[in-house]
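A.B. asks:
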């Protein structure tokens, strides 16, 4: 039996089977995010982090949903500008709608590579995507850009000499200051061809509740840092910001009127899209 068939069986027919490399006793970023979204692809350790986070940050997962919605708006915008290849770093678990489905509704031939360091993402995504020849998924750490950009599943599939859409959505805030997050983002930006886009979202330290959530994530997950708006803006240095710039997520090219003032779920994450000139 090939790998794809085995993963399909686990995902759809044998829910009690778990690949041996997955330790369900330890929470993972991808599965905790899935729990915040109300998904089913998480375990007790992940749900414990989400429950404690919601106790200190009672937005009922609205921030995670706003982040997902802004991801889709950004992908749709980029695809409408002619971007036909996307690299989704820290993609997380597949849900009801995903980067490739949004992009391919605009351009059926759009290519997408998902990257995540959680092996459960690889298993689920391969099962979901085994019939989609224009979409691939790899397991890799965002802290190793050279490994990702030179990965055999990317070389020859994405053409980095042409514009791409680079997605770093709710992932850079999992880098500590000691890991040089700005330097890392700069390395990815340097690899982009002119005309490429970067979409980035990040926890914003604009409310005391966000700092409380940060404390929970750092204690229980070991990662998850809030930064202020000017620092989030600085990740786009060297790029031309797409209007309205770096803002709270509900304010980025909304598809319906935005209620103000924004609630906790609306202010906890900020982000934007920038184009490489």
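Residue numbers (the numbering used here): 345 to 621. Heads up, the beta-carbon is just placed ideally off N, CA and C, and yes, glycines get one too.
1. According to DSSP, is residue 480 helix, strand or coil?
2. Tell me whether residue 495 counts as near the ligand NAD, meaning its Cβ is closer than 8 Å to at least one heavy atom of that ligand.
3. In three-state DSSP terms, what is residue 361?
4. How about residue 513 and residue 422: do their beta carbons lie closer than 9 Å?
5. Does DSSP put residue 589 in a helix, a strand or coil?
6. Report the residue from 455, 454 and 469 whose alpha carbon sits nearest the alpha carbon of residue 461.
7. Assuming contact is defined by CB atoms lying nearer than 9 Å, are residue 407 and residue 608 in contact in what I supplied?
8. Looking at residue 456 and residue 447, is the spacing between their C-beta atoms short of 9 Å?
9. Compare the Cα-Cα distances from residue 529 to each of 490, 403, 604 and 483 and report the closest residue.
10. Between the Cα of residue 495 and the Cα atoms of 458, 393, 538 and 372, which residue gives the shortest distance?
11. By DSSP's criteria, residue 430 is part of a beta bridge. Which residues make up the other side?
12. Given a cut-off of 9 Å, decide if residue 543 and residue 510 are closer than it, judged by their beta-carbon atoms.
13. Looking only at DSSP bridge pairs, what is residue 612 linked to?
14. Are the region 516 to 531 and the region 539 to 559 touching, with three or more C-beta to C-beta distances below 8 Å?
15. Enumerated in chain order, which unbroken segments of the beta strand (DSSP E) with a length of 3 residues or greater are wholly contained in the region 494 to 543?
16. Quick one: Cα of residue 567 to Cα of residue 538, how far?
17. Within the continuous alpha helix (DSSP H) that includes residue 443, where are the two ends?
18. Which whole runs of the beta strand (DSSP E) in the region 360 to 435 are 3 residues long or more, in chain order?
19. Straight-line CA distance for residue 432 to residue 569?
C.D. replies: Let me lay it out:
1. strand
2. As far as ligands go, the structure on display features none, and thus does not contain the ligand NAD.
3. The predicted model places residue 361 with a pLDDT of 37, which falls under 50 and marks its position as unreliable; any figure quoted below should be read in that light. In the structure shown, residue 361 sits in coil (DSSP, three-state: anything other than H, G, I, E or B).
4. No, the Cβ-Cβ distance between residue 513 and residue 422 is not below 9 Å.
5. coil
6. When only C-alpha atoms are compared, the closest one is 469.
7. In contact: residue 407 and residue 608 (Cβ atoms closer than 9 Å).
8. Residue 447 is a Cβ neighbour of residue 456, given a cutoff of 9 Å.
9. 490
10. 458
11. 456 and 509
12. yes
13. Answer is none; residue 612 lacks a bridge partner.
14. yes
15. 509 to 513
16. 33 Å
17. Per DSSP, residue 443 belongs to the alpha helix (DSSP H) from 443 to 450.
18. Taking 3 residues as the minimum length, the beta strand (DSSP E) runs contained wholly in the region 360 to 435 are 429 to 433, in order along the chain.
19. 20 Å
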